[in-house]
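>
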């Protein structure tokens, strides 16, 4: 069955700009997040050539000969929100747990380096639970890493704590790496213990791990064997198929509990020989809660200069890197280029373009033990009788897709400010991945409310002080929601004064624009806080913060005269697009 794919009608690029300069997305992180950005202070990253990645381990696809795609389960729905199918468990022979929803495992670098041990990363200040798939037990004893430390030089917790809950909470104060727990289960007579890396953990866990453009998020376990799967006839299941039946391969990533930022993606491959001019396409599909393709979030392309390698003594390993995304902007009516996108849904990432004559190409894959959890992450798009199908391989399989992601965080010690009618101030303690220069308000604050940040560069302590003016005579009350924002995270603070129940309606000012000797002059409603300038081909020219005065003049850097589009962005997702000729 063909699945309908439509362009997503949502602009997902959110950023802030000062003095017409875009701030570095990954700059300004504090010492509390240092483990996220420096390989020098996280567990040693070993660049290893292992038999786990040997081409001699290639396993031929064993089919029944009835079809070139036999043993492919047709028209299966992607697992969606759940992602796993638990088998019937009646004994303690299958004591096992899986990482919390939204937590990721460390993957590979672009040159096939990886951490020797198992490490996890989860969204900071976001609660989830370890997923216990054991059966037949009457009690449990967990040994868990203590989120309060103390920590070693790699930010790994040195302390442990215990829990007897079936699915204990997973909560960490910072988005750091940490070791994995162990689980002991008993039925009163028999006792079994499970921990990652043990004899019972030969299958792959869903998810990935924090990626800082060096270590990727993945749905495979690089500690287990990886192979190049192919058909008996010599065509690759997860790569090229000369008869044109296999059109694309894809990998599934479950819905996170907290949005993450994706700014690059790389795919580990072997047998990567592509004819000159070959262009690989990457498509990121959004999935609904039922596991169906719903929208296209973004796309990207890679050419020969985006392929790294060869690596390894046999010179057979390659990495395809995607680092720039195209996103359809409904307001502009065409695709725009973005450096990163924010992901908050389950996604299916499709790779296509390798099915050309003369290509020899295979994404590295891994088949793993399916007991007691059946997890299928690898999918193929293929044609049969002129119809394009999306199906999964019958077996727990995952592809070597690495996501360059990170989790951000932003929160305050309170979310409410009730100002006195005579006017006063309130101080909020802010916890953020970024310093105040990279924190802004998504909506325009009213004139009667001012704010001020303080920042200690040594302790990374941040305070936000709100000051409300006295309530004017004859006004019963007023209020607003101040939406504090940084890259990949936000925090709302409710501000009220007097008897306030709703916001009074007001006339919205119409945006006006005219050009004068290369300068753009704007008048606009105060609800708008930034403007993006695009060429008619979708190329981003620049982004600029808008002052609350309602008027702004600036000179964009353009290479040629012509028509340009200005997209204004404001509170409550309000946008407006106007045209100007320079």
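Residue numbers (the working numbering): 364 to 945. Where a beta carbon is used, it is the ideal one built from N, C-alpha and C, also for glycine.
Rounded to the nearest angstrom, what separates residue 925 and residue 830 at their Cα positions?
Locating residue 925 in the chain shown gives position 562, where the first residue counts as 1. Locating residue 830 in the chain shown gives position 467, where the first residue counts as 1. So the two alpha carbons sit approximately 45 Å from each other.
> Which one or two residues does DSSP pair with residue 689 in a beta bridge?
Residue 689 sits at position 326 when you count from the first residue of the chain shown. DSSP output for residue 689 lists 662, 700 as bridge partner(s).
> Using the Cα positions of residue 876 and residue 883, report the straight-line distance between them to the nearest angstrom.
In the chain shown, the residue the question calls residue 876 occupies position 513. In the chain shown, the residue the question calls residue 883 occupies position 520. Distance between the alpha carbons of residue 876 and residue 883 is about 7 Å.
> Can you give the Cα-Cα distance for residue 912 and residue 803, rounded to whole angstroms?
Within the chain shown, the letter at position 549 stands for residue 912. Within the chain shown, the letter at position 440 stands for residue 803. So the alpha carbons of these two residues sit roughly 17 Å apart.
> Please state whether DSSP places residue 667 in a helix, a strand or coil.
To locate residue 667, count along the chain shown from 1; it is residue 304. If DSSP states are grouped into helix, strand and coil, residue 667 belongs with the helices.
> For residue 767, list the residues DSSP reports as bridge partners.
Position 404 of the chain shown, counted from the start, is the residue given in the question as residue 767. Residue 767 pairs with 627.
> Could you tell me how far apart the beta carbons of residue 698 and residue 664 are, in whole angstroms, since I believe they sit closer than 8 Å?
Position 335 of the chain shown holds residue 698. Position 301 of the chain shown holds residue 664. The Cβ separation is near 12 Å, so there is no contact.
> Along the chain, where does the beta strand (DSSP E) containing residue 841 start, and where does it finish?
As a working note, residue 841 is residue 478 in the chain shown. From DSSP, the beta strand (DSSP E) with residue 841 extends over 840-849.
> Looking only at C-alpha atoms, which of 505, 527, 493, 498 sits nearest to residue 533?
Residue numbering aside, residue 533 sits at position 170 when the chain shown is read from its first letter. Taking only the C-alpha atoms, the option nearest residue 533 is 493.
> Kindly indicate which residue of 543, 614, 892, 907 has the alpha-carbon position closest to the one of residue 728.
Position 365 of the chain shown, counted from the first residue, corresponds to residue 728. For the residues 543, 614, 892, 907, the minimum Cα distance to residue 728 belongs to 614.
> Per DSSP, residue 536 is paired with what?
As a position in the chain shown, residue 536 is number 173, starting the count at 1. Within the DSSP bridge table, the entry for residue 536 names no partner.
> Below 8 Å on the Cβ atoms is my guess for residue 763 versus residue 678; work out the distance and round it to an integer in Å.
In the chain shown, the residue the question calls residue 763 occupies position 400. In the chain shown, the residue the question calls residue 678 occupies position 315. Taking 8 Å as the upper bound for CB-CB distance, residue 763 and residue 678 are not in contact here, some 18 Å apart.
> Excluding the five sequence neighbours on either side, which residues of its own chain have a C-beta within less than 7 Å of the C-beta of residue 622, listed in chain order?
Taking the first residue of the chain shown as position 1, residue 622 is located at position 259. 705, 706, 707, 851, listed in sequence order.
> Can you tell me whether residue 713 is helix, strand or coil according to DSSP?
Position 350 of the chain shown holds residue 713. Here residue 713 sits in strand by DSSP.
> Can you tell me whether residue 625 is buried or exposed? The criterion is at least 16 other CB atoms within 10 Å of its CB, across all chains shown.
Residue mapping note: residue 625 aligns to position 262 of the chain shown, counting from 1. Buried, since its Cβ has 16 or more Cβ neighbours within 10 Å.
> Would you give the residue range spanned by the beta strand (DSSP E) that residue 508 belongs to?
In the chain shown, the residue the question calls residue 508 occupies position 145. Element bounds for residue 508: 502-508.
> By the DSSP assignment, the beta strand (DSSP E) with residue 861 in it spans what residues?
Working through the chain shown from its first residue, we reach residue 861 at position 498. Per DSSP, residue 861 is one residue of the beta strand (DSSP E) stretching across 852-861.
> Can you check which of these residues, 922, 765, 934, 794, is closest to residue 775 by C-alpha distance?
One-based indexing of the chain shown puts residue 775 at position 412. If we check each option's Cα against that of residue 775, 794 comes out closest.
> What first and last residue would you give for the beta strand (DSSP E) that runs through residue 308?
Nothing about residue 308 can be reported from this structure: the residues present for the chain run from 364 to 945 only.
> Taking the C-alpha atoms as reference points, what is the distance between residue 865 and residue 813?
Residue mapping note: residue 865 aligns to position 502 of the chain shown, counting from 1. Residue mapping note: residue 813 aligns to position 450 of the chain shown, counting from 1. With a pLDDT of 44 at residue 865, under the threshold of 50, the predicted position of this residue should be treated as unreliable, though the coordinate-derived value follows. Residue 865 and residue 813: Cα-Cα distance of roughly 20 Å.
> Can you grab the Cα-Cα spacing for the pair residue 529 / residue 662, in whole Å?
Numbered from its first residue, the chain shown carries residue 529 at position 166. Numbered from its first residue, the chain shown carries residue 662 at position 299. Distance between the alpha carbons of residue 529 and residue 662: 41 Å.
> Go ahead and pull the three-state DSSP assignment for residue 486.
Numbered from 1 along the chain shown, position 123 holds the residue referred to as residue 486. Coil at residue 486, not helix or strand.
> Taking just the CA atoms, how far does residue 466 sit from residue 791?
Along the chain shown, one-based indexing puts residue 791 at 428. Along the chain shown, one-based indexing puts residue 466 at 103. Their backbone Cα atoms lie some 29 Å apart in a straight line.
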